[in-house]
Amino acid sequence: MGRRRQSETDDRRGGSETPEQVASESRTDRLRIRAAWMYFVEQMTQNEIADVLGVGRVTIVRMLADARSRNEVKISIESELSEIVRLERALEKTFGLQQALVAPLSAPNADPTPAISAKTGSFLSDTMKSGMRVGVGWGRTLFSSLPFISAKSLTDFKVISLLGGVGVVRRFNPAEFAWRFAQIFQGDGYLIPTPAVVDSVETKIALVERCGLQEVFEMANVLDAVLLSVGGIASATTFSRGGFLKEADREALLARGAVGDLLFHFFDRNGDLVDHPVNSHVMSVDVDRLRKAPIRILTSGGEEKIEALLGAMTLIAPTILITDEESARRMLEAHAAQAS
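Be aware that the sequence shown starts at 747, since it is given in our numbering, and climbs by one per residue.
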């Protein structure tokens, strides 16, 4: 027994750390640099910083002292995280977000999805709590975040899929993501067992009112959080192959100013839904209900989605944005150009 204790002590001294310890230290580093940025660059008070970061003032004092002892604060903040923090703070101020999380990229032209998905998974691991009702969307970014979410058992945890099914794109099917997300937290999953888009408003009403779907849609009125991603208008060709939209529909959407979709709700650069039948034929929870959720998480990125992300800032008014550093820069530049 004594040898085992000594070995464990030697491992700790030798730096053998678990992934959980590394992740915890990474989050602590980010929080410390954010606090230092707000205090030394933005000249916020310690009480103001504590309110923004959701910690006590004593914790802020300790983090600022720690940043100085690590030589991260001189005339400027010297850390590889400082540029990321600058982008996060700029996004928060520009778009009125409670929090922005920006994932670094290995190269400007790198696929941002893995980095955004990892950041999303880490955030969800910390944010999901017992008793929550969470509405979820779908897409490559969300599906790819699943391996990065730490599994744990939550009591009275409910996951509600916000969109009907997509039969052809099996890997990124809304039902598949919602079910697997619920399983991670050993919660209950609620699905919308219909096509994503139906042929008429009458069919939609009949399915909701006569086929037992009313309960699922009513649950969307009392969501604690929604987890969403946006699609660029170019990705509408995927829906065409699934039989939900024809190429003529995509062209009509483009002609009417559509820049992307949120749960098949197509919208323009200003965040207004475009005038097209698909927006009334989609089997998904409407945007007004989504905006009632106190926590609205939007996770997306990529050059082809910048216009869609900008429109979504108004359409869904996310409280949390998770994106990559290149997308963050492009969003800020595009917003500044439009405002000038």
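For glycine and all other residues, C-beta sits at the position ideal for the given N, C-alpha and C.
Backbone secondary structure at residue i - three-state DSSP
i, result
"H1081", "helix"
"L851", "coil"
"Q845", "strand"
"D797", "helix"
"R780", "helix"
"R879", "strand"
"G867", "helix"
"A928", "helix"
"A836", "helix"
"S1073", "helix"
"P939", "coil"
"I895", "coil"
"D1018", "coil"
"V1024", "helix"
Best match in the options for proximity to residue i [C-alpha to C-alpha]
i, options, result
"E1049", "L908, Q960, I1041 and P854", "P854"
"S1073", "G1057, V804, D1018 and P858", "P858"
"G1057", "Q1084, M790 and A1039", "Q1084"
"P850", "L837, L843 and L833", "L833"
"F889", "I1052, S1046, V819 and L1019", "S1046"
"T866", "E829, T840, G911 and T1069", "T1069"
"V1012", "I1041, E961, V954 and V976", "Residue identity differs from the one stated: residue 1012 is Phe in this sequence, not Val. Cα-wise, what sits closest to F1012 is V976."
"I895", "V848, T901, R879 and Q932", "Q932"
"P1064", "H1081, M790, E1079 and R1042", "R1042"
"L948", "I830, H1081 and S1026", "The sequence given here places Glu at residue 948; Leu does not occur at that position. The shortest C-alpha separation from E948 is found at S1026."
"P1040", "Q844, P941 and E788", "Q844"
"M790", "T774, V807 and R776", "V807"
Extent of the continuous beta strand (DSSP E) run through residue i
i, result
"L888", "Careful: L888 lies outside any beta strand (DSSP E), inside the alpha helix (DSSP H) at R886 to S891."
"H1011", "H1011 to D1014"
"A1039", "It is not in any beta strand (DSSP E) - A1039 carries neither H nor E in the DSSP assignment."
"D1007", "A1004 to L1008"
"D902", "Here D902 belongs to no beta strand (DSSP E), and DSSP marks it neither H nor E."
"L974", "A971 to L974"
Unbroken alpha helix (DSSP H) run spanning residue i, endpoints
i, result
"T1060", "I1052 to L1061"
"K950", "V947 to R956"
"I806", "R803 to S815"
"A998", "E993 to A1001"
"V962", "Q960 to M965"
Bridge-paired residues (DSSP) for residue i
i, result
"T774", "Paired residue(s): none; T774 is not in a bridge."
"T1045", "I1068"
"L909", "S1030"
"D934", "K904"
Closer than 8 Å is the cut-off here; do at least three beta carbon pairs connect the stretch 916-933 with the stretch 884-892? yes
For the 8 Å Cβ check, are there 3 or more pairs between the stretch 1028-1038 and the stretch 803-817? no
For the pair the stretch 895-909 and the stretch 930-938, tell me if three or more CB-CB distances fall below 8 Å. yes
State whether the stretch 964-979 contacts the stretch 868-883, with contact taken as three or more CB pairs (one from each stretch) at a distance under 8 Å. yes
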